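Numbering (our numbering), first residue to last: 126 to 624.
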Amino acid sequence: MRQIGHFIDGVNVAGVSGRTSDIYNPNTGEVQAQVTMGTSSELDIAVRSAVKAQAEWAGVNPQKRSRVMFAFKMLVEKHMDDLAHLLSSEHGKVVADSRGDVIRGVDVIEFACGVPHVQKGEFTMGAGPGIDVYSIRKPLGVVAAITPFNFPAMIPMWMFGMAIATGNACILKPSEKDPSVPMRLAELFVEAGGPIGLLNVINGDKEIVDAILTHDDIKAVSFVGSSDIAHYVYHEATKNGKRAQCMGGAKNHGIILPDADMDQAVNDVLGAAFGSAGERCMALPVVVPVGEGTAERFLEKMLPAIENLKIGISTDAEADYGPVVTAAHKAKVKEYIDLAIEEGATLLVDGRDFELQGYEDGYFLGPTLFDNVTPDMTTYKEEIFGPVLQIVRADTFEQALALPSEHQYGNGVAIYTSNGRAAREFADRVEVGMVGINVPIPVPVAYHSFGGWKRSAFGDINQYGMEGLRFYTKTKTVTQRWPEKDEHNGDSAFVIPTF
Ligand code: NAD
């Protein structure tokens, strides 16, 4: 059985705890590897290596840091196919989607290559008599990145890409469900000329997360995962004096106004609801047709489209989506479907009993569609994170606007309409962090930044882009004066200087 340890000080090391977690092949249900669960003493070794590496890295000029990031980007692109296959083998998403996972991470590395420009700082000459003021952004030191299973390439790169480019070292704690791609990325970083110790990967579960949250030499924690854990990590990290940004779960709505291009809306919602078996924080698991007859027009096209979906193993190039990540996750999604029926939602398509021939032990689920879902239902309020689409009908624009605005999550939302004025008003008023107008999965490009509202994100600063730069750096402002010797009059000032 393949054993996955940690990546510390530039090498793969076996874990010492004796505690492991199984990694499955979601297509077959077989255990394909085991990953070690780290201990606080292993974390200590990783942090010591990171502290040493960071002290030197912080003094490396920005264009040299940029060159390392650029070499890393080139190497990841060279290994794109291998990485995508490795990712699919543990996650279950289809290979084309895994490529997208890697590419969206590389986008952030590309942005990070611009660090000489974006980390330049600010300068004011003559802020007072003979006085200049400049502000610079210094790295924090060693930071930690704790990541979820559903984007094992993109999300680690969001974090360590920005952290390292800005002069920090990073301890990456990937999901225990699919740690192989993060481990491989760390190897590639060293192969690309990244200084040893700057990116260490420590595997594990709550025990190692708690060790991270209490480690004195870790100055900031970036987390992405489910909301309860995001809240816990945010609370503990900030209590211990660390900077924290903790992204949580989601329940994104797709609003369809009566004047929407229905073909486009159905195509987009189909991909965004069922792509990656619904295991995306920017999926669209709720659709809100607005006004009389809109739901019927939506269903007329959506039902046959669902019928035509192809579910297959992750290496099947024809498949629209693959299995979910684990048996436990499959069981949880099925429980939500059972509950939705009990709650009175109308089951139009039932994916619970889907089996893929030859892969009966794989974690496959067919698409499920519910109509007449209402805001009081638990299955509406909570995140299901599976291939389940719920229709909540709304009579008016105001009702449709209220649904995502009043939901506990506020990650993303999409609106379909041909009315620019309505779209503009919706985007302005909706209480959600990321909005798509005729765009289904509005994950911002790398030079903007990513972050939801309400229980979808704890902390004030978003991921990547200029927000990422701010998260991983602290401002130092210097006020300087270079007077001639005889300019000193020897008097002390007892009032605050004003200019
Ligand atoms: P998860 O919360 O189970 O795990 C995330 C990380 O936390 C993992 O590294 C895991 O090892 C660690 N962890 C698990 N239990 C812990 C505990 N009790 N204490 C401390 N750490 C713990 O999330 P997941 O199932 O891996 O990922 C899916 C979730 O992530 C969904 O809720 C999804 O919406 C969310 N997500 C959010 C975003 C976003 O940007 N908002 C992006 C991707 C995924």
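For glycine and all other residues, C-beta sits at the position ideal for the given N, C-alpha and C. These numbers come from a predicted model, not from an experiment.
query                                                                                                                                : result
Residues that cysteine 295 bridges to, as DSSP identifies them                                                                       : Val268, Leu324
Contact test: arginine 546 Cβ vs ligand 3 heavy atom, cutoff 8 Å                                                                     : No copy of ligand 3 occurs in the structure displayed; its ligands are ligand 1 alone.
Serine 574 and asparagine 587 closer than 9 Å at C-beta                                                                              : yes
C-alpha distance - serine 142 paired with proline 273, whole-angstrom precision                                                      : 22 Å
Helix, strand or coil at tyrosine 505 [DSSP, three-state]                                                                            : helix
Under 9 Å between C-beta atoms of alanine 171 and asparagine 325                                                                     : yes
The region 286 to 294 contacting the region 409 to 417, beta-carbon criterion three pairs below 8 Å                                  : no
Proximity below 9 Å, CB of isoleucine 566 to CB of alanine 548                                                                       : no
CB of valine 517 within 9 Å of CB of tyrosine 505, strictly                                                                          : yes
Glycine 266 beta carbon less than 9 Å from that of glutamine 179                                                                     : yes
Cα-Cα separation, methionine 282 to aspartate 616                                                                                    : 54 Å
Segment limits, beta strand (DSSP E) that includes glutamate 155                                                                     : 155 to 161
Chain-order list of residues whose beta-carbon lies under 8 Å from that of asparagine 365 (same chain, five-residue window excluded) : Leu338, Thr339
Threonine 440 vs valine 306 beta-carbon contact at 9 Å                                                                               : no
Whole runs of the alpha helix (DSSP H) within the region 575 to 624, excluding any shorter than 4 residues                           : 590 to 596
Buried versus exposed, by CB contacts within 10 Å (16 or more), glutamate 167                                                        : buried
Bridge-paired residues (DSSP) for histidine 131                                                                                      : Val138
Close-in-space but distant-in-sequence residues of the same chain around methionine 407 (CB under 6 Å, 5 per side omitted)           : Gly537, Ile566, Val568
From Val458, Gly593, Pro277, residue whose alpha carbon lies closest to that of aspartate 478                                        : Val458
Straight-line Cα distance separating serine 214 from aspartate 207                                                                   : 11 Å
heavy atom of ligand 1 below 8 Å from isoleucine 129 C-beta                                                                          : no
Proximity below 9 Å, CB of glycine 373 to CB of isoleucine 271                                                                       : no
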